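Visitor: The structure is given below, and queries will be raised subsequently.
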Amino acid sequence: MKLLYAASEAAPFCKTGGLADVAGALPKALAASGVEVSVVLPLYDAVPDWARREMTFVRMLQVSLAWRNQTCGVFSLVRDGVTYYFLDNGYYYRRRELYGHYDDGERFAFFSKAIVDMIPALGLSFDVIHANDWQTALIPVYLKCLYRDDPRYQGMKTVFTIHNIAYQGSFPRGFLSDVAGIDDAYFRSGLLAYNDGINLLKSAIVLCDALTTVSPTYAREILTAYYGAGLDGILRANAGKLCGILNGIDTDVYNPARDEALSVPYSAGSPEGKQENKLALQRTLGLHADLDVPVIALVTRLAEHKGIDLIAAVLDDIMSENIQLVVLGRGEWKYEQLFQQAKRRYPGKISVNILFSEDFAHKIYAGADMLLMPSKSEPCGLAQMVALRYGTLPIVRETGGLADTVHAYNPATGEGNGFSFTNYNAHDMLYTIRLAASLYHDREVWNTLVRRGMSEDFSWKRSAKAFEELYERIAEKK
């Protein structure tokens, strides 16, 4: 099996969010299982110098994009059994930020076109091309519309993964012919039309050979109007090729037994070091150092869809409990101010850190007792899996991947690995927080849940097997 994995970001080269974690870990896991994997990325300014020093120049391409003709430098390096290709164009990618530019549609149309053109130019061939999110959604479109009769691409199948359906790549009708370089007849036929414009996510959903998303529950949710972001009808029409495959985490990166960011290493078999990490975190953040006070962590983007509005509604009630709160993240100004003001009202009980630091996040996962994730929508979520790996019990709303990975503690049976609530309701969340804080003092039960969570397998090995089976299945289809 020869796979080309196309993404707009991948750790450790360039990262803004969860896609980079997936694109960094899944190909490595697939390679370890015997798949011949290549990954293709833009060569952003953000790609670090150490990676550039390891790269080899492959060749220069000329890429046509509608009426434009652009050069594209191809560089490569091999890491963890994966061949990485980096596509270089100074005009499009030598910018401070990965996204958020006025011409993002053109930048990623060029990326998708360059990927497709690169394959025969480098003498490559793949059984499957796996594209991710709207930035690479034009890959199945080019293969099915522009190159459908080109023998160099015959037999290549496409998998498309939706990581978050809220981001769709919507553009005016003219984008199709003027930017993407695809005949307007595909719009007039309705194949690539959506609400009088172009929706790249919709186009990929229709034209890919297999469609995945990042958890089984999210795959079911996006078929409904509430979660489907306007594409639920398109998804229902293509439900036969949709499946949810749960993301994993890189258990080498997230390993409390070998994590250099921690004060003391620990493991499921020897979890005592977690208490030392808790005391170190409390002292570092200016909280009262007390093992008997549960520490609840919030490591997230401070935005409404992450459930921060629920926290805002009952924050004083939460802080009236005998708990401490640690906040790490950036986001909407009103929520940043909410927590800053709470910090002044509750000195020694709340630490607010309006930033994001991977190293600091690891310290929080190790030092906290609980992780709060009351999301309105969460396609998969990685933080809850990382938290469990570090013996920090999640408190989540039952949605998306949170529902697939966190199972509420059942006092009658002793089953579960965390705490959850169903309705998007602030007082349901508050009740669940109080329940968790109360159970924290039953050390026997709590320690059992901690060891259980740390022993669960959230590695990419299981997910990689599911993807490999999917690749094999579609590659066999004529």
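Final position of the sequence shown in the numbering used here is 546; the numbers increase by one with none missing. All residues carry an ideal CB built from backbone N, CA and C; glycine is no exception. As the structure is a computational prediction, the values presented were derived from the model and not from experiment.
Return the residue from the list Arg175, Asp320, Asp327 that minimises the CA-CA distance to Ala248.
Guide: Selected option, being the one with the closest Cα: Arg175.
Visitor: Please confirm if the stretch 302-314 is in contact with the stretch 70-81, defined as three or more CB-CB distances below 8 Å between the two stretches.
Guide: Contact between the stretch 302-314 and the stretch 70-81 is absent, because fewer than three Cβ pairs lie under 8 Å.
Visitor: DSSP has Thr281 in a bridge; who is on the other side?
Guide: Looking at the DSSP assignment, Thr281 forms a beta bridge with Ile230, Gly312.
Visitor: Enumerate in chain order the residues of its own chain whose CB-to-CB distance from Leu214 is below 7 Å, with the five nearest sequence positions on each side excluded.
Guide: Cβ neighbours of Leu214 beyond the five flanking positions: Ile250.
Visitor: Rounded to whole angstroms, what is the Cα-Cα separation between Val464 and Leu440?
Guide: Distance between the alpha carbons of Val464 and Leu440: 6 Å.
Visitor: As an exercise, report each continuous alpha helix (DSSP H) stretch of at least 4 residues that is fully enclosed by the stretch 79-117, in chain order.
Guide: For the stretch 79-117, whole alpha helix (DSSP H) runs of length 4 or above, ordered along the chain, are 86-100.
Visitor: If you draw a straight line from the C-alpha of Leu166 to the C-alpha of Asp360, how long is it?
Guide: Approximately 43 Å, taken between the alpha carbons.
Visitor: Go through the stretch 196-269 residue by residue and report every complete run of the alpha helix (DSSP H) that reaches 4 residues or more, in order.
Guide: Counting only runs of 4 or more, we get 206-209, 253-256.
Visitor: Here's a check: name, in chain order, each residue in its chain whose Cβ is nearer than 8 Å to the Cβ of Pro240, leaving out the five neighbours to either side.
Guide: Same-chain partners within the cutoff: Gly265, Ile266.
Visitor: Mind checking Trp135: buried by the 16 CB within 10 Å criterion, or exposed?
Guide: With fewer than 16 Cβ atoms within 10 Å of its Cβ, Trp135 is classed as exposed.
Visitor: So, under 8 Å CB-CB, Gly486 and Tyr477 are touching, yes? Tell me the CB distance rounded to an integer number of Å.
Guide: That pair is a contact at about 7 Å.
Visitor: Can you find the residues in the same chain that come closer than 6 Å, C-beta to C-beta, to Ala348, ignoring five residues on each side of it along the sequence?
Guide: Ser331.
Visitor: Is it buried or exposed for Gly258, if we count other Cβ within 10 angstroms and need 16 for buried?
Guide: Exposed, because fewer than 16 other Cβ atoms sit within 10 Å of the Cβ of Gly258.
Visitor: Going by C-alpha to C-alpha distance, which of Gly308, Ala177, Leu269, Asn200 sits closest to Ser245?
Guide: The candidate whose alpha carbon is nearest that of Ser245 is Ala177.
Visitor: Do Ser193 and the ligand PLP come close, with the Cβ less than 8 Å from some heavy atom?
Guide: Within the structure as shown, the ligand PLP is missing, as the structure has no ligands at all.
Visitor: If Lys444 and His373 are in contact, beta carbons under 8 Å, what's the gap, nearest whole angstrom?
Guide: The Cβ separation is near 5 Å, so the contact holds.
Visitor: Of all the options Ile207, Lys181, Ser106, Leu133, which has the alpha carbon lying nearest to the alpha carbon of Gly548?
Guide: The requested residue 548 is not part of the displayed model; the chain covers only 69 to 546.
Visitor: Thr139: buried (16+ other C-beta within 10 angstroms of its C-beta) or exposed?
Guide: So Thr139 counts as exposed.
Visitor: By Cβ distance below 7 Å, which residues in the same chain neighbour Ala114 in space, the five residues on each side in sequence not counted?
Guide: Contacts found: Cys82, Leu166.
Visitor: So, do the stretch 188-196 and the stretch 122-129 have three or more beta carbon pairs nearer to each other than 8 Å?
Guide: Segments in contact, yes.
Visitor: So Val90 packs on Asn345, CB below 8 Å; how close in whole Å?
Guide: Not a contact, Cβ separation roughly 27 Å.
Visitor: Can you tell which of Lys402, Ile290, Ile313, Gly298 has the C-alpha that lies nearest to the C-alpha of Pro284?
Guide: The residue with the shortest Cα to Cα distance from Pro284 is Ile313.
Visitor: What's the C-alpha gap between Arg530 and Cys311?
Guide: Computed Cα separation, rounded: 15 Å.
Visitor: Leu72: which of Ala505, Ala88, His231, His198 sits nearest, CA to CA?
Guide: Of the listed residues, the one whose Cα sits closest to Leu72 is His198.
Visitor: Quick check on this structure: which residue in Ala436, Ala234, Leu268 has the alpha carbon closest to the alpha carbon of Val363?
Guide: Nearest option by C-alpha distance: Ala436.
Visitor: Using alpha carbons as the reference points, say which of Thr319, Ser425, Gly416 lies closest to Gly92.
Guide: Closest by alpha carbon: Thr319.
Visitor: Alpha carbon to alpha carbon, how far is Ser419 from Val394? Give it in angstroms, no decimals.
Guide: For Val394 and Ser419, the distance between alpha carbons rounds to 5 Å.
Visitor: Judging by CA-CA distance, which residue of Val282, Leu279, Thr280, Gly237 is the nearest neighbour of Tyr262?
Guide: Nearest of Val282, Leu279, Thr280, Gly237 to Tyr262, Cα basis: Gly237.
Visitor: Would you say His509 and Ser488 are within 9 Å of each other, going by their C-beta atoms?
Guide: Their beta carbons are not under 9 Å apart, which means His509 does not touch Ser488 by this criterion.
Visitor: For the stretch 518-526 and the stretch 321-337, state whether three or more C-beta atom pairs, one from each stretch, are separated by less than 8 Å.
Guide: A contact exists between the stretch 518-526 and the stretch 321-337.
Visitor: Just grab the DSSP bridge partners of Arg465 for me.
Guide: DSSP lists Phe489 as partners of Arg465.
Visitor: Roughly how many whole angstroms lie between the Cα atoms of Glu540 and Gly223?
Guide: About 13 Å.
Visitor: With which residues is Tyr152 paired in a DSSP beta bridge?
Guide: According to DSSP, which records beta bridges pairwise, Tyr152 is partnered with Val107, Leu145.
Visitor: Are the CB atoms of Arg398 and Leu423 nearer to each other than 9 Å?
Guide: Yes. Within cutoff.
Visitor: Please work out which residues of its chain come closer than 8 Å, Cβ to Cβ, to Asp427, disregarding the five sequence neighbours upstream and downstream, and give them in chain order.
Guide: Around Asp427: Ala329.
Visitor: Going by DSSP in three states, Ser506 sits in which element: helix, strand or coil?
Guide: Looking at Ser506 - three-state DSSP - the assignment turns out to be helix.
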